[in-house]
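Following: one structure in structure tokens, then a few remarks.
2 protein chains.
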Amino acid sequence: MLKEERQKYILDQVHLHHRVLLNDLSDSLNVSIDTVRRDVKELDKEKKLKKVHGGATSFGFMTFTKDDGNIYLKSKKISIAEKTVSLLSDGQVILMSGGTTNMEVAKLIPKKLVLTVFTPSLHVAMALLEHENVEVIFLGGKLLHDAKFAVGGTVVNALSQLRVDLCILGTGYLDAEFGLTEFDWEVIQVKQAMIRAAKKTVILTVSDKLHSVQKYKTCDMTAVHTLVTELDPSDPLLDSFRPFELMLV
Amino acid sequence: MLKEERQKYILDQVHLHHRVLLNDLSDSLNVSIDTVRRDVKELDKEKKLKKVHGGATSFGFMTFTKDDGNIYLKSKKISIAEKTVSLLSDGQVILMSGGTTNMEVAKLIPKKLVLTVFTPSLHVAMALLEHENVEVIFLGGKLLHDAKFAVGGTVVNALSQLRVDLCILGTGYLDAEFGLTEFDWEVIQVKQAMIRAAKKTVILTVSDKLHSVQKYKTCDMTAVHTLVTELDPSDPLLDSFRPFELMLV
DNA sequence: AAAAACTTTGCAAGTTTTTGCTGTTTTCGT
DNA sequence: ACGAAAACAGCAAAAACTTGCAAAGTTTTT
């Protein structure tokens, strides 16, 4: 097993569970505890995670529901959210997934915009309820403890009975070749159902997550109609997505 | 368990309840009181909380009035919540409605109690997700803007497919003659479905709401199995409920 | 193609951190 | 002021960490 693979696995685990034990890692990776220790030390130095006694945690693990510690990331997300909101129009019925970027969208929706929004995300639902003119319908199901996101058959089932105008997908890793990927199996089931239930799909991604691939695949790039990033649509970083029939915003 | 996890839990508890007892922490975290003491001491040094004799409080505890503004009402509700939590046992499947009293229950559930909870309340769901051992299933539907509570056919329908051990109804006005009443038609539809879906029903009511009646009727007193108030079960204020076959707590 | 230089990995010895336990001292409510 | 509960200090075992080193594998140089 390559060092790269190991470190990627470690990062995945940290992102997924917000913490890992060195012992567990050394166990599941079949390498000595020292190797894992060195890997984690490196990742810590690169600020990809936080090393702690006995293991590692993701950044923002300790922050008490206070958005992000990362100012740059946050301003990128707001920029994306502003662009996204401009795509909405009165009377639309839309789907919104979870994630911090979608949270910003939910907050930025104009007070007078009349919408019907379906969502499986507790946080997004909460933010949307601040808007009087937005009818919020929660897609109920088993809630994930970390993501506060409903998953499972109930959600997928409810989605199969919908046909909405727009689906706005928040978090996710994007690559021209591999499409949209995630590191949680249950989440991609829901996202796939969301895409099926919508006439058009919008993906929100901060440029950091472009050209990166995770374990599970949600959909191909061909399923996406609009890609919103904080970059200028003419930015060369987006070149690899131009062959697809999609709108860059 | 990592030290960071413990400290996050402690901070969460402090932020949630504005005070914690070291004994409770050591109990629910399954570590010695000394370890908790050292953790709290550290967090105090980092100005993340304020250590006091026997426990810790969050900063700005005295100025905190989000809940009710009414400190007496709040302490009544906490007392009710404590009694209610003692009715729960490992492995139960329960239903919880919304309301501030039920919120206190959600917060006070011991960390090691294993439960499955169905709820149509955003706030309760959110609070329950703080507990690792509680599986939370949200009953999805149209959300009421003020109550952050799901109502409508979807919820009632989902409830009709359930048969759970216990239903805990929070807010509500109670009267021996008129039973349980509410002022929202859509809410009582859901509460009625909740009662039907449960083997036993527990009502939580602060004594202020005893012997008061609202516009719409949820159910008769005969449908109630347990009544939890902040009063002593022998209090004369409860006399009018004694003719019914119910447990006073 | 062999040698040299470098990287990666696992091991072992020694150090530090963490944690629970033991008394002892301090604090608090009555 | 008294007894109980809480805080503290010191100790010891266990777990985690550090460092140095050598074997195995890679890459670069000659």
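As you go down the protein sequences, you meet chains A and B in turn.
Read in UniProt numbering, the first sequence has 215 at position 215, and its numbers run on one by one without any break.
Read in UniProt numbering, the second sequence has 236 at position 236, and its numbers run on one by one without any break.
Beta carbons: idealized from backbone N, C-alpha and C, even for Gly.
Expressed to the nearest angstrom, what Euclidean distance is found between the alpha-carbon atoms of residue i and residue j?
i             : j             : result
residue 209/A : residue 236/A : 15 Å
residue 81/A  : residue 106/A : 8 Å
residue 12/B  : residue 234/A : 44 Å
residue 24/B  : residue 153/A : 37 Å
residue 29/A  : residue 6/A   : 7 Å
residue 149/A : residue 240/B : 44 Å
residue 245/B : residue 225/B : 7 Å
residue 53/A  : residue 78/A  : 35 Å
residue 203/A : residue 84/B  : 45 Å
residue 176/A : residue 116/A : 31 Å
residue 89/A  : residue 118/A : 16 Å
residue 128/B : residue 243/A : 46 Å
residue 229/B : residue 76/A  : 50 Å
residue 190/B : residue 145/A : 25 Å
residue 21/A  : residue 36/B  : 20 Å
residue 192/B : residue 140/A : 19 Å
residue 249/A : residue 227/A : 6 Å
residue 95/A  : residue 197/A : 9 Å
residue 147/B : residue 31/A  : 52 Å
residue 122/B : residue 1/A   : 44 Å
residue 179/A : residue 247/A : 15 Å
residue 99/A  : residue 186/A : 15 Å
Does any CB atom of chain A fall closer than 8 Å to the CB of residue i?
i             : result
residue 59/B  : no
residue 150/B : yes
residue 17/B  : no
residue 122/B : yes
residue 6/B   : no
residue 129/B : yes
residue 125/B : yes
residue 136/B : yes
residue 43/B  : no
residue 3/B   : yes
Run the CB neighbour count on residue i, radius 10 Å, all protein chains shown included, and call it buried at 16 or more, exposed below.
i             : result
residue 97/B  : buried
residue 199/A : exposed
residue 19/A  : buried
residue 34/B  : exposed
residue 194/A : buried
residue 91/B  : exposed
residue 3/A   : exposed
residue 120/A : buried
residue 14/B  : buried
residue 184/A : buried
residue 222/A : exposed
residue 46/B  : exposed
residue 112/A : exposed
residue 102/A : buried
residue 126/A : buried
residue 161/B : exposed
residue 250/A : This structure cannot settle anything about residue 250/A, because the visible part of chain A is limited to 1 through 249.
residue 182/A : buried
residue 130/A : exposed
Is residue i close to chain B? Criterion is C-beta to C-beta, closer than 8 Å.
i             : result
residue 132/A : yes
residue 145/A : yes
residue 52/A  : yes
residue 197/A : no
residue 158/A : yes
residue 141/A : yes
residue 99/A  : no
residue 153/A : no
residue 55/A  : yes
Margin query: Pairs of beta-carbons, one from the segment 127-144 of chain A and one from the segment 202-216 of chain A, closer than 8 Å: are there three or more?
Written below: no
Notebook entry, point to check: Any chance the segment 168-175 of chain B sits against the segment 161-176 of chain A, with 3 or more Cβ pairs inside 8 Å?
Noted result: no
Item checked: Cβ contact (3+ pairs, closer than 8 Å) linking the segment 210-230 of chain A and the segment 38-57 of chain A -> no
Notebook entry, point to check: Which whole runs of the alpha helix (DSSP H) in the segment 89-170 of chain A are 4 residues long or more, in chain order?
Noted result: 100-108, 122-128 and 153-160
Note to self: To test your reading of the DSSP string, which unbroken beta strand (DSSP E) runs of 3 or more residues are found completely within the UniProt domain "HTH deoR-type" (3-58) of chain A?
What the structure shows: 19-21, 50-52 and 55-57
Item checked: Unbroken stretches of the beta strand (DSSP E), 3 residues or longer, contained in the segment 181-239 of chain A -> Annotation: the segment 181-239 of chain A contains the following complete segments of the beta strand (DSSP E) (minimum length 3 residues), in chain order: 198-204, 216-219 and 226-228.
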